[in-house]
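Following this note's numbering, the numbering of the sequence shown begins with 231 at its first residue and continues without gaps. Below: one structure, written as structure tokens.
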Amino acid sequence: MNCRYTFTIFYFIILISLFACNQSNTDERTSDNSLFKLLDPAQTGVDFANLVKEDTTFNILNYLYFYNGGGVSIGDINNDSLPDIYLTANRLPNKLYLNKGNLKFEDITEKAGVAGSIGWTTGTTMADVNGDGWLDIYVCNVSNLLGLSGHNQLFINNQNGTFSEKAKEYGLDFSGFSTQAAFFDYDNDGDLDCYLLNHSTHYEGTYRRAAEIRPEKNERAGDRLMKNENGKFIDVSENAGIYSSAVGYGLGIAIGDINQDGWQDIYIANDFHENDYLYLNNGNGTFTESIRQVVGHTSKFSMGVDMADFNNDGRLDVFSADMMPENEQIRKASEESADAYSIYQFKYSFGYYHQFAKNALQVNTSISQEKKLTNFKLLEIAQLAGVATTDWSWSVLFADLDNDGWKDLFVANGIPRRPNDMDYLKFISDPNIRYPLLQGIDEAKLKYTEQMPIIKIPNFAFKNNKNLTFNNLSKEWGLDKAGFSNGTAYADLDNDGDLDLVVNNFNEIASIYENQNIDKNNYLKIKLVGENQNTSGIGAKIILKLKDQLIYQEQSPTRGFQSSVDHVLTIGLGKNEIIDSLIVAWNNGNSQLLTNVKANQFLTLKQSEASEKNLCNQCNSWLSSQQLFADITNQVNIPFTHEDNAITDFEREFLIPYALSTQGSKIAKGDVNGDGLEDLFVPNGKWKTSALLIQQKNSSFALSQKNLFEQDSICEDVSAAFFDADGDKDLDLIVVSAGNEFFGKDKQIQPRLYLNDGKGNFTKTENQLPEIFINASCVKPADFDGDGDVDLFIGARVEGRKFGIDPPSFILKNNGKGFFENASADVLGNNLLGMVTDAVWADFDNDQQLDLVVVGEWMPITFLKNQNNKLINLTTNNQHLTSNSGFWNSLLADDFDGDGDIDFVAGNWGQNSYLKPTENEPITLYVKDFDANGSTDPIICMYRTASDGSRQLFPLASKDEMTSQLPHLRKKFLKYKDYSTATIHDIFTPEELKGAVMKNAHNFSTSYIENKGKDGFAIKSLPIEAQFSTVFALQVGDFDKDGKKDLLLGGNFYGVTPLLSRYDASVGLLLKGDGKGNFAPISPAQSGFVVNGECRDIQLITLANGKKVALVMRNNDKLQVLEVLNRPL
């Protein structure tokens, strides 16, 4: 033993004793009444601590992953049916603890010979690498960096309590920046192959275009796929389609059959700017990286990752961890993890995908019944689910912690010092400090790390609410111990039928939590015995059916962060005592079926006893053999593609949360040439030509009068309508524009009227509309005054470049000859209705007069009663309606419950949002020219927990964002720490807030509004699937031929700031109506209604061939055509 090693051990023995004293005090934080009990190391015998001390040669200043900590692997290494524990230490010997029963363990590290090499150790996994029926241990190390040497180690089990290190013999002695390894059978040949996950450093030249760097193999970084060929592992990465470049900052790996084709797929969580990778297994020894095809966006600083079925639909979902703080003060004091929009766009132009600094919960959604590689989408719903912000998170594990039959979520987090603290970064950015660091680090420079705050953070335990959401029960479950936790694994350590937890802490003794199963729920334990060399059956699938519930699990021990869980599966059953059926599907395609299986037992299931085929298909038995829609876009020629110009809103107004220039267009439909076929007018973006499309007898569409509409291509057309303006019995055309680029009296925001000659030829009028200028959202024709001609309502979206200021909307009365006057003052009185997005004319009170209903942002659903041709606002004094102000985008009217009056459906922002308004804690907007520079300043605020525990209004904007808009505040808040605690009332005095326009939004749920006659309107949220994203498009119809009205929904919105992230979790939705005002979601694969992209409108038309189709308008895309098949579900 060398002197350095001896000194290190001596030094850390002293530290262990100190930490042990501290550890004993934490036992008071859990009790016998909690789900988990933190065990005393003196009781368990597990006194391991990953103790790390920075020195001048190795520290956070020269190795960015210095605080990543160690891992845990759990498995039965001596085949006595008790799971044992292996823990890795970064700079100390690793430890192996033999389970002696009753939660007591013996340190057998020295005897077993598995301490590992002293250098820098990271992840660990247990697997039967040589297929002899005994678990081996693989350990990852960092080498070839800052004087570190060595290689990864493979400890082969000698079957007598000892191990032999044989990494080189097996070809697994990689030397570089390893994080973790996963053993799995990717080619289904019966032995275990290996995916080696490596990270990188910025010294490797990673800030380049993705297309340039990804193909370059890096010797120290870059992942490796190692194929097992007769016990020797061979690097097949390049031929298999696996990236091995320096840009891969791999921190997490999860493996499973995500598209259910019988082959194991791979999800890689990459830190920093590189995309996460989703490798879909082609079944021929190669993979296709498919993150862009399957995922809308990912976490940005992806760390730990897990893959499991959390919503019990038989499909694997994905959760990846990031570092967005839940605490408002920490978020504001930290480096703005959300890039500025310009930087976000710059990265995207360099080939990096959409990434946002928050956790990502990707719910696996089948979109096709076809057997193809990408027959699914991963829809990101972490903010809806309540699991988006868990601070600096490492290990993440889906696990049924309370045995109720639904997988919960555990997140281990915390970092000893916070290198992204803005005041520290400001300190370190001083050239007098930064440049000398490049020359080397001495003791004086090492003290710079003391400028980083130390904040202990509790881990998170989220209970599955069984409705796609979770509830944070960390405290109630006894798992809220504050500290710095990294690798975590679960196992039934005491064989009592529930999952216990082992957590590897940084500079503290590891935590062992005993699960006390306080609800006394039932369980089933399963040991899989595979054939050939895959003795644990890695990759096998378990399907349990219990009454109306399905539980799905795959055998994939390596998961979370730098860790692996026990190979014995422990499955919670709730109060179920009998499992109706249990299916095991093995990698070779064979399956076995057990029925009427009793709970609370241990089963051993052997691959050799399986003979049946295709039983696993029962997971998807709910899929319909006939869908209601079929995509025939490629069969219908429509010569139009919508194109938006580049977003510049955020450059003009720094504090707005979303762009107003990309909210899309609505389709106008009608027979303009009298041939009995429906024609179209489709608005387009600035500098692109809107299109008049005439339907042909072959069901295609021909572009008409392109030159006419090209003359106004500078306009951002957003809405249009066909109507008979001049009473000559043909359809004329009104077009309105917006975009928030033009303002004042810019002619580009004047409505345009085109008269039809009766043959479908249009002429633009010059003086038949009053001189109004409006950034419009909608135009709605109706004869509201009953005089026989058609009038217009034009809704105003925004006052140009004055976000939050109500613009005037207009009522234009027709004189019967197609000349219109501005009657807004007479009809509306106050025409400042709000930031209007949509409107419908409907007789909501059954008095035979058309009323007007208007929706918009920062406003309630507004009911305007037609009273003697005056529109009276019924909402202003209605507390129920005003308390439901939202970011409403769309509106649909119909009698949905069959009671004879008109009900409504309103599309809203959705619940999958960083902004979380409630009736008592709304999102609040203040608008005023606070610095008297001639431009308004919109300050968005939300309720957050203050440092004293109270709920206060905090600005959404970071210090840098706020002071960029209001430079005078820089003197008031010199430090980020000071700004982080500042509420809106700390930033502005009462006098400064005086005169500000103040708006609130209380409700973001897309909703059904039931007309209850004299009792007013009842607002009810639509199902949670309707809340995944913004809803801009609504349509009604009886699509399943049951005589009851159903709904089609479409949405998504990409033009938002990176802090809010893209709203992209909608792939279209069919809601089946029951005729009573209730709606149930139908999965996209079952309905066939699948819409990708930013959907802005859905219109039903009939083609010349008799087919009824849904036309879908999408931003920056062609029109999608979905045939309505007119058949039962």
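The C-beta atom is built at its ideal place from N, Cα and C for all residues, glycine as well. No experiment lies behind these values; they were computed from the predicted model shown.
CA-to-CA, the gap between Leu-322 and Gly-299 works out to about 12 Å. In this structure, Ala-642 lies near Asn-689, with their beta-carbon atoms less than 8 Å apart. Here Ser-579 carries a helix assignment [DSSP, helix/strand/coil]. Contact between Asn-970 and Asn-1005 holds, since their C-beta atoms are separated by about 6 Å, short of 8 Å. Val-535 sits in a strand when the DSSP states are folded into three classes. The count of Cβ pairs closer than 8 Å, one atom from the segment 310-320 and one from the segment 717-735, reaches three, so the stretches are in contact.
Under the 8 Å Cβ criterion, the segment 571-591 counts as touching the segment 606-624, having at least three qualifying pairs. Excluding the 5 residues flanking it on each side, Asn-1061 has same chain C-beta neighbours closer than 6 Å at Pro-1038, Ser-1039 and Ser-1054, in chain order.
When DSSP states are grouped into helix, strand and coil, Gly-1128 belongs to the coil group. The continuous stretches of beta strand (DSSP E) do not include Asp-569, and DSSP gives it neither H nor E. Bounds of the beta strand (DSSP E) holding Glu-1353 are 1350-1354.
With 16 or more neighbouring CB atoms inside 10 Å of its own CB, Thr-351 falls in the buried class.
Among the bridge pairs identified by DSSP, Arg-982 is matched with Val-965. Here the alpha carbons of Asp-672 and Thr-286 stand approximately 5 Å from one another. Counting C-beta atoms within 10 angstroms of its own C-beta, Tyr-665 has fewer than 16 neighbours from the protein chains shown and is therefore classed as exposed. A contact is defined here as three or more CB-CB pairs under 8 Å, and the segment 330-346 fails this definition with respect to the segment 745-755. In the displayed model, Leu-698 falls within coil according to three-state DSSP, outside both helix and strand. Between Leu-885 and Leu-291 the beta-carbon gap is near 35 Å, outside 8 Å, which marks them as no contact. Spanning the alpha carbons of Phe-1023 and Gly-1285 requires a straight line of approximately 27 Å. For Asp-1245, the closest of Gly-480, Asn-1108 and Leu-1186 by C-alpha to C-alpha distance is Asn-1108. With the rule of 3 Cβ pairs closer than 8 Å, the segment 631-651 does not count as touching the segment 1170-1178. Fully enclosed alpha helix (DSSP H) runs of no fewer than 4 residues are not present anywhere in the segment 278-341. Around the beta carbon of Gln-856, fewer than 16 other beta carbons sit within 10 angstroms, so the residue counts as exposed. In the structure shown, Tyr-1144 adopts coil according to DSSP, grouped into three states. For Pro-1011, the enclosing beta strand (DSSP E) stretches over residues 1005-1012. In the three-state scheme derived from DSSP, where H, G and I count as helix and E and B as strand, Tyr-1284 is classed as coil. The C-alpha of Glu-1087 is placed about 59 Å away from the C-alpha of Leu-326.
Under DSSP, Pro-688 takes part in a beta bridge, and its partners are Ala-712. CA-CA distance, Asn-1230 to Arg-561, rounds to 23 Å. The beta carbon of Pro-555 sits closer than 6 Å to those of Arg-561 and Asp-621, all from its chain and outside the five residues before and after it, given in chain order. Taking 8 Å as the cut-off, the beta carbon of Gln-837 is found closer than this to the beta carbon of Asn-820.
Counting along the chain, Thr-274 sits inside the alpha helix (DSSP H) bounded by residues 271-274.
Within the segment 1038-1079, the complete beta strand (DSSP E) segments at least 3 residues long are 1040-1044, 1050-1052 and 1065-1072, listed from N- to C-terminus. Taking 8 Å as the cut-off, the Cβ atoms of Gly-635 and Ile-781 count as close. The three-state secondary structure of Ser-794, taken from DSSP, is strand.
At least 8 Å separates the beta-carbon of Thr-528 from that of Asn-511.
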